[in-house]
Amino acid sequence: MSGPVHAALAGDPVLAQHYAAFRKRAESALDARFVALIRQAIAAVHGMEAAAIDDAAIDEGTRTAIAYARRIPFEHTAITDAEATQVIAHLGEPGFVAFSVVAALADAECRAAMIDLPGLAGG
Amino acid sequence: MSTTPRVSSAIAGEPPHFGSVLAHQPEISASFFALYGRFWGSDVLPARLKEVARLRNARVTECGFCRNVRFDKAVTEGLGEDAVDDITDGYEASVRLTDAEKATLRFTDALIHDPEVLTADAKAALQRHLTPAQIAELGLGVTLFLALAKALITLGLEPEEMGRTVLPTPAVLEAAE
Numbered sequence: 131m132s133g134p135v136h137a138a139l140a141g142d143p144v145l146a147q148h149y150a151a152f153r154k155r156a157e158s159a160l161d162a163r164f165v166a167l168i169r170q171a172i173a174a175v176h177g178m179e180a181a182a183i184d185d186a187a188i189d190e191g192t193r194t195a196i197a198y199a200r201r202i203p204f205e206h207t208a209i210t211d212a213e214a215t216q217v218i219a220h221l222g223e224p225g226f227v228a229f230s231v232v233a234a235l236a237d238a239e240c241r242a243a244m245i246d247l248p249g250l251a252g253g
Numbered sequence: 798m799s800t801t802p803r804v805s806s807a808i809a810g811e812p813p814h815f816g817s818v819l820a821h822q823p824e825i826s827a828s829f830f831a832l833y834g835r836f837w838g839s840d841v842l843p844a845r846l847k848e849v850a851r852l853r854n855a856r857v858t859e860c861g862f863c864r865n866v867r868f869d870k871a872v873t874e875g876l877g878e879d880a881v882d883d884i885t886d887g888y889e890a891s892v893r894l895t896d897a898e899k900a901t902l903r904f905t906d907a908l909i910h911d912p913e914v915l916t917a918d919a920k921a922a923l924q925r926h927l928t929p930a931q932i933a934e935l936g937l938g939v940t941l942f943l944a945l946a947k948a949l950i951t952l953g954l955e956p957e958e959m960g961r962t963v964l965p966t967p968a969v970l971e972a973a974e
């Protein structure tokens with residue numbers, strides 16, 4: 131497990147382990163390559179170092195889901211029922227639930243990295 | 798923003814709400830509630846400060862459900878509605894929020910909205926009022942509050958109408974320890 135939140139929790143192994151378990155369970159519910167794309171897309175929206183995604187190299191359903199994920203950081207209240215319906219059609223309801231958690235967590239982790247949470251918590 | 802659930806309930810007889818929708822993924826659900834209970838059950842960072850951060854996140858992300866919930870542990874620690882009313886833009890001028898709460902709010906704004914808010918002075922204030930362990934716990938909390946609020950909103954689980962509701966504070970799940 132890596133990431134700013136887990137790193138910041140180094141002094142509390144129990145809480146760190148619970149956080150790692152939660153993130154792992156959420157990400158394990160989706161294909162690993164898809165999770166990487168979600169995290170990559172959201173990091174790019176935040177202007178963090180992230181390789182560009184070649185939209186032409188992914189299938190239409192994944193492309194739709196990644197376009198949706200890109201709206202999570204700054205446009206989460208503007209996402210429409212129609213957009214959600216398209217992603218649910220691709221992932222199914224259980225997949226959409228996992229996707230919603232993974233995307234929201236990826237956004238929050240980018241933000242935690244941008245304020246250097248581990249450095250702040252390091253004393 | 799939709800108030801129509803975008804996903805059905807996975808629990809027979811229950812309407813769609815966060816728990817019943819998350820139940821589509823039982824392992825995610827179990828690990829989330831174990832984590833959230835452990836977080837709220839820890840007294841490293843007082844519940845009152847956690848609640849101040851949670852309510853600020855609720856207002857900025859526009860999560861109506863989060864905004865109307867109050868966790869009883871923070872109420873017991875003296876967080877009243879007069880102070881909650883000041884958790885808006887301009888909280889720096891509040892005479893009802895403490896300096897530690899204002900430092901917590903500045904940190905929360907930086908994480909959920911604009912990193913530039915965390916100026917050198919704001920960092921110094923945060924580290925003057927909170928220990929490194931408390932900052933770590935606050936960082937976890939704000940991360941979860943933000944992710945939870947966005948998940949609730951994008952799953953269409955915002956209430957059409959909801960009054961202020963005091964709920965039992967999530968507690969450590971013994972089976973998960």
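One line per chain: the protein sequences are A and B, in this order.
For what it's worth, this note's numbering labels the leading residue of the first sequence as 131, then goes sequentially.
For what it's worth, this note's numbering labels the leading residue of the second sequence as 798, then goes sequentially.
We put the beta carbon where it would ideally sit given N, CA and C, even for glycine.
### Query
When the Cα of A/Arg153 is compared with those of A/Ala171, A/Pro134, A/Gly222, which residue comes out closest?
A/Pro134
### Contact list for B/Pro912 against chain A, beta-carbon separation under 8 Å
Arg241, Met244, Ile245
### Task
Output, in sequence order along the chain, the residues in the stretch 799–812 of chain B whose CB is closer than 7 Å to any CB in chain A.
Ser799, Thr801, Arg803, Val804, Ser805
### Query
Listing by chain order, which chain A residues have their CB less than 8 Å from the CB of B/Gly953?
Going along chain A in sequence order, the residues near B/Gly953 (Cβ under 8 Å) are Asp211, Ala214.
### Task
Would you please state the rounded distance, in angstroms, between the beta carbons of A/Ile168 and A/Ala199? I believe it to be under 8 Å.
5 Å
### Message
Give me the DSSP bridge partner(s) of B/Thr962.
### Response
BP columns for B/Thr962 point to B/Val866.
### Query
With a cut-off of 8 Å, do at least 3 Cβ pairs link the stretch 153–163 of chain A to the stretch 217–237 of chain A?
yes
### Query
Exposed or buried, which one is B/Phe942 when buried takes at least 16 other CB atoms within 10 Å?
buried
### Task
Find the residues of chain A that neighbour B/Gly936, judging by a C-beta separation of less than 9 Å, and give them in chain order.
Pro134, Val135, Ala138, Leu139, Ala242, Ile245, Leu247, Pro248, Leu250, Ala251
#### Entry: Span separating the alpha-carbon of A/Gly253 from that of B/Thr928
Its pLDDT being 49, under 50, A/Gly253 is placed unreliably in this model, and the coordinates cannot settle the point.
#### Entry: A/Leu247 burial status per 10 Å Cβ neighbour count (16 or more: buried)
It counts as buried.
### Message
Using 8 Å for Cβ pairs, my map puts A/His206 next to B/Ile950. What's the rounded Cβ distance?
### Response
The beta-carbon separation of A/His206 and B/Ile950, rounded to 6 Å, stays under the 8 Å limit for a contact.
### Task
Use the C-beta contact count for B/Thr873: other C-beta atoms within 10 angstroms, 16 or more gives buried, fewer gives exposed.
exposed
### Query
What is the rounded straight-line gap between the Cα of B/Gly834 and the Cα of A/Ala186?
43 Å
#### Entry: Range covered by the alpha helix (DSSP H) that runs through A/Gln147
143–158 is the extent of the alpha helix (DSSP H) around A/Gln147.
### Message
Give me, in chain order, the residues of the same chain whose beta-carbon lies closer than 7 Å to that of A/Ala140; leave out the 5 immediate sequence neighbours on both sides.
### Response
Ala146
### Query
Mind checking A/Val232: buried by the 16 CB within 10 Å criterion, or exposed?
buried
### Query
Would B/Pro823 be called buried (16 or more neighbouring beta carbons within 10 Å of its own) or exposed?
exposed
#### Entry: Positions along the stretch 216–229 of chain A whose CB lies within less than 8 Å of some CB in chain B
Ile218, Glu223, Pro224, Phe226, Val227, Ala228
### Task
List the residues of chain A that B/Val818 touches, going by C-beta distances under 7 Å, in chain order.
Val227
### Query
Should B/Leu952 and B/Val841 be called a contact, given that it needs their Cβ atoms to be closer than 8 Å?
no
### Task
Identify each residue in the stretch 819–833 of chain B for which the Cβ-Cβ distance to at least one residue of chain A is less than 7 Å, and report them in chain order.
Leu819, His821, Gln822, Glu824, Ile825, Ser828, Phe829, Ala831, Leu832
### Message
Cβ closer than 9 Å: which chain A residues qualify as neighbours of B/Ala871?
### Response
Correct list: empty, because the minimum Cβ distance to chain A is about 19 Å.
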